[in-house]
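Residue numbers for the sequence shown, in mature numbering (1 follows the signal peptide of the UniProt record, and there is no 0): -21 to -1, 1 to 139.
Idealized CB from N, CA, C, for every residue including glycine.
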Amino acid sequence: MENSRKIVWCLMLIMMGIVFAESRNTVLHRVGGGRNSWVPNINFTEWSSHEQFYVGDWLYFGFDKQLYNVLEVNKTSYDNCIDKDFITNITRGGRDVFNLTEAKPFYFLSGRGYCSKGMKVRVCVYDYEPPLAAPLLVYNGYPRIICSRGIQHVLLAAAL
């Protein structure tokens, strides 16, 4: 009887780990905050400071492709608004997306002189780290998780 209780508790802990394992859906970030906001005179530094970018997220650039473009550049080109020797031209149709594939700073600008009018953005991308799991306590030989009574009841019912 004692062993079966321990097995139930262990199974319950495993189920809780699976149920409460933190995952994150990717996010589509509209650069500048709007549908067609890759335009001059928007403070992209201010916009990006209020966003959190993680590996796997996407950037959406909405713009008039006849006027503007989107170039991924290095830091030096970003700082000096140099649109030559860019890394990638992501301009396709004016509603373009870019996948943030690794944890690092990414730099984008618009060429044709628009970078000096503010059309540039730096995006700092981080690896997603889920929050720490709830701490375990051992009480009378049985593990207990510190959480609300409602969650404890749901988990206990699921384990039985």
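Return helix, strand or coil for Val133, following the three-state DSSP convention. With a pLDDT of only 44 at Val133, under the threshold of 50, the placement of this residue in the model should not be trusted, and no figure is reported.
Under 8 Å: do the segment 94 to 105 and the segment 16 to 23 share three or more Cβ pairs, one atom per stretch? yes
Spatial distance of Asn53 from Asp106 (CA atoms): 20 Å
Return helix, strand or coil for Phe42, following the three-state DSSP convention. coil
For Phe77, which residues of its own chain have a beta-carbon under 6 Å away from its beta-carbon, when the five flanking residues on both sides are left out? Leu38, Ile69
In angstroms with no decimal places, state the Cα-to-Cα distance between Ser28 and Phe85. 14 Å
With a 10 Å radius around its C-beta and 16 neighbouring C-beta atoms as the bar for buried, classify Gly72 as buried or exposed. exposed
Exposed unless 16 or more other CB atoms sit within 10 angstroms - verdict on Asn4: exposed
Under a three-way DSSP split, which group does Trp37 fall into? strand
If we ignore side chains and look at the alpha-carbon of each, how far apart do Phe32 and Leu79 end up? 8 Å
I'd like to check one pair, Val34 with Phe87: are the Cβ atoms closer than 8 Å? no
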